[in-house]
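Asks: Sending over a structure as structure tokens; questions will come in a sec.
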Amino acid sequence: MAAAQQATVDTGKVKDLLAAHRAEMKRYLSHCMHCTLCAESCFLFMARDKDPRYMPSYKVLNSLGVLYRRRGRVERSFLEKIKKIVWRNCVLCRRCYCPVGVDIPRMIALARAVCRSQGVYPDFDEQGHQESWL
Amino acid sequence: MLGQLNPVLVLGCGGCTSICLAGGQREAEQLAADLREDYGNRGGQLEVNTYTIERQCNADFFADIDRLAGDYQAIVSTACGAGVQFVAERYPRLPVLPALNTDFVGFDKDVGWYEENCRTCGDCVLGETGGICPVTRCAKSLFNGPCGGTRADGTCEVDPDIPCAWFEIHKRLREQGRLELITRVRPAREWQNQIRRTVIQEPYRERYGK
């Protein structure tokens, strides 16, 4: 992990991953009507005083949405930032409900896959426990 | 177990085995490196790649593996026993090998320390036993205890390092002022009826025709 943190981002790899799911994900991203119905089905959002940072739509738009908007051209610091969104702020329980059928968990999983492709993922050892991932 | 199977995909799991420091991305990559080195030391060459998905027990996370699986002769899964079976069922023509030996369902005592606390027996008595599972923690899995093998210091006759589960249950119930529960006779568990279990929540029964 330490070596991976210092390495530059392999943009080609990120782009390949985004391209493999582009049609489906673009559809999902464009179909989000910002209705916020997904929010109330998220137990983290409800358990954290409805903090908007825990809204499923916020989580995908600020992780995968930005990855597509920047066409995969991101810095490692950005991946480290969205690591907190897609792991700490989402447990991928798959309970989030979208009335127009946007598959939010799949989008979070893809954002995680992009992070993983660059060696960015949570530690569950001593350091990870200090970060309180769960 | 791999024999002549080459190339191989080591499939990491981002779920429970990741948290247990046994089968996450880091461990999958370490296993792949070890396999490469082992084959190299024996004069061979194993083409081995890794990929980690968020969970190996749910079809929704397999899109990338569906694209990759055809490139390999075998998958080594670092998931629990359930995950390995899920992968094997999804790719029935591909040998799927377990990288781990799944021990138990338990909880985190501390970093890197896990303890078995539930056998998922389907006959839960925790409400009457002070939240201590006699099926898991009693050497005889007694539903009605203690037996005659409790030592004076409250340990089990099987091993002086193991606390007697029923001694602990007695202590806990006494603290809670619910000691009368220990005198309640619970029917013996029907151990012979061990069949594969399925749970479908009530609102979903119609959907699955069950």
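Residue numbers (my numbering), protein chains in the order written: chain A, 63 to 196; chain B, 140 to 349.
Where a beta carbon is used, it is the ideal one built from N, C-alpha and C, also for glycine.
The structure presented is a predicted model; accordingly, all values stated were derived computationally and were not measured.
Taking 9 Å as the threshold (beta carbon to beta carbon), is Asp187/A in contact with chain B?
Replies: Looking up residue 187/A in the first sequence gives position 125. It does; some Cβ of chain B falls within 9 Å.
Asks: I want to verify the contact list: residues of chain B whose CB lies under 9 Å from the CB of Ala81/A, in sequence order.
Replies: To locate residue 81/A, count along the first sequence from 1; it is residue 19. What Ala81/A touches in chain B: nothing, since even the nearest Cβ is about 12 Å away.
Asks: Between the C-alpha atoms of Asn151/A and Lys121/A, what's the straight-line distance to the nearest angstrom?
Replies: Residue numbering aside, residue 151/A sits at position 89 when the first sequence is read from its first letter. Residue numbering aside, residue 121/A sits at position 59 when the first sequence is read from its first letter. In a straight line, the C-alpha of Asn151/A is about 8 Å away from that of Lys121/A.
Asks: Would you kindly work out how many angstroms separate the C-alpha atoms of Gly245/B and Cys272/B, rounded to a whole number?
Replies: As a first step, residue 245/B is located in the second sequence; it is residue number 106 there, counting from the start. As a first step, residue 272/B is located in the second sequence; it is residue number 133 there, counting from the start. Approximately 12 Å between the Cα atoms of the pair.
Asks: Which residues bound the beta strand (DSSP E) around Glu168/B?
Replies: Taking the second sequence and counting its residues from 1, one reaches residue 168/B at position 29. From DSSP, Glu168/B is part of no beta strand (DSSP E) but of the alpha helix (DSSP H) over Gln164 to Asn180.
Asks: Counting contacts by CB-CB distance shorter than 9 Å, is Tyr183/A in contact with chain B?
Replies: The count along the first sequence starts at 1 and reaches residue 183/A at position 121. Yes, its Cβ sits closer than 9 Å to a Cβ of chain B.
Asks: Could you pull the start and end residues of the beta strand (DSSP E) that Ala213/B belongs to?
Replies: Here residue 213/B corresponds to residue number 74 of the second sequence, with the count starting at 1. Note, Ala213/B: beta strand (DSSP E), Ala213 to Ser216.
Asks: Taking one C-beta from the segment 89-107 of chain A and one from the segment 156-165 of chain A each time, how about it: are there three or more such pairs within less than 8 Å?
Replies: yes
Asks: Report the residues of the segment 145-163 of chain A with a CB closer than 8 Å to any CB of chain B, ordered along the chain.
Replies: Leu154 and Arg156
Asks: May I have the straight-line CA-CA distance separating Leu185/B from Val274/B, to the nearest angstrom?
Replies: Numbered from its first residue, the second sequence carries residue 185/B at position 46. Numbered from its first residue, the second sequence carries residue 274/B at position 135. Straight-line Cα distance between these residues: approximately 44 Å.
Asks: Quick one: is Asp72/A near chain B, going by C-beta distance under 9 Å?
Replies: The residue given as residue 72/A occupies position 10 in the first sequence. Taking CB atoms only, Asp72/A has no neighbour in chain B less than 9 Å away.
Asks: Does the beta-carbon of Glu166/B have 16 or more other beta-carbons within 10 angstroms, so that it is buried, or is it exposed?
Replies: On the second sequence, position 27 is the one that residue 166/B refers to. Buried.
Asks: Just the chain A side, please: which residues come within less than 8 Å of Leu150/B by C-beta, in chain order?
Replies: Residue mapping note: residue 150/B aligns to position 11 of the second sequence, counting from 1. The premise fails here: Leu150/B is roughly 12 Å from chain A at the closest Cβ pair, so nothing lies under 8 Å.
Asks: Return the bridge partner residues of Tyr190/B from the DSSP annotation.
Replies: Position 51 of the second sequence, counting from 1, holds the residue named residue 190/B. Paired residue(s): Leu150/B.
Asks: Between which two residues does the beta strand (DSSP E) containing Glu255/B stretch?
Replies: What you label residue 255/B is simply residue 116 of the second sequence in a count that begins at 1. Residues Trp252 to Cys257.
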